[in-house]
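The sequence shown runs 29 to 148 under this note's numbering.
Using N, Cα and C, we set each Cβ at its ideal position, and we do this for glycine too.
So the structure is just underneath, and the comments pick up after that.
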Amino acid sequence: MAEVQVRERRTHLRFDKVFTIYLSTEGGLSRGIGRNISAQGMFVETREQLSLGERVKVTFAGEDGTEMTCLCEVRYQVALAYGRKDGREGNTRGVGLRIVAYEVQEDAPLLLVARERVMH
């Protein structure tokens, strides 16, 4: 029987921790849960519906008051259904974001990140 080798597309390290993040869109400010964060992007659980290709500012706020903001592009959307401990069904929605720039200072422009645009 021949062995099949699968190449992992994710070449960047992932930070597998849950963060509260703040999303700034044209519609206003909302909160989300950032997961599976890498240098290239992240998955965000959010109640807000975001359009594919939409630009979103994501701010991470540390417990010590430090903040980091990046400009992201919505790459995909998902709706998730899962079983809760009490046996009922739970639902959430999320988006995959690609980081396109980092904000280095509040009064400075975003530092653009050179990235190849990949269309799926």
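Can you give the Cα-Cα distance for residue i and residue j, rounded to whole angstroms?
{"i": "Cys98", "j": "Val128", "result": "8 Å"}
{"i": "Arg59", "j": "Glu76", "result": "9 Å"}
{"i": "Ile61", "j": "Tyr50", "result": "9 Å"}
{"i": "Glu82", "j": "Asp92", "result": "30 Å"}
{"i": "Val84", "j": "Arg116", "result": "33 Å"}
Identify every residue that forms a DSSP beta bridge with residue i.
{"i": "Leu51", "result": "Ser58 and Val86"}
Are the CB atoms of residue j and residue i within a distance shorter than 8 Å?
{"i": "Val123", "j": "Thr74", "result": "yes"}
{"i": "Leu125", "j": "Glu95", "result": "no"}
Does the beta-carbon of residue i have 16 or more other beta-carbons within 10 angstroms, so that it is buried, or is it exposed?
{"i": "Val86", "result": "buried"}
{"i": "Val46", "result": "exposed"}
Tell me where the beta strand (DSSP E) around residue i begins and ends.
{"i": "Leu80", "result": "Note, Leu80: premise wrong, no beta strand (DSSP E); not H, not E."}
{"i": "Glu117", "result": "Glu117 to Glu131"}
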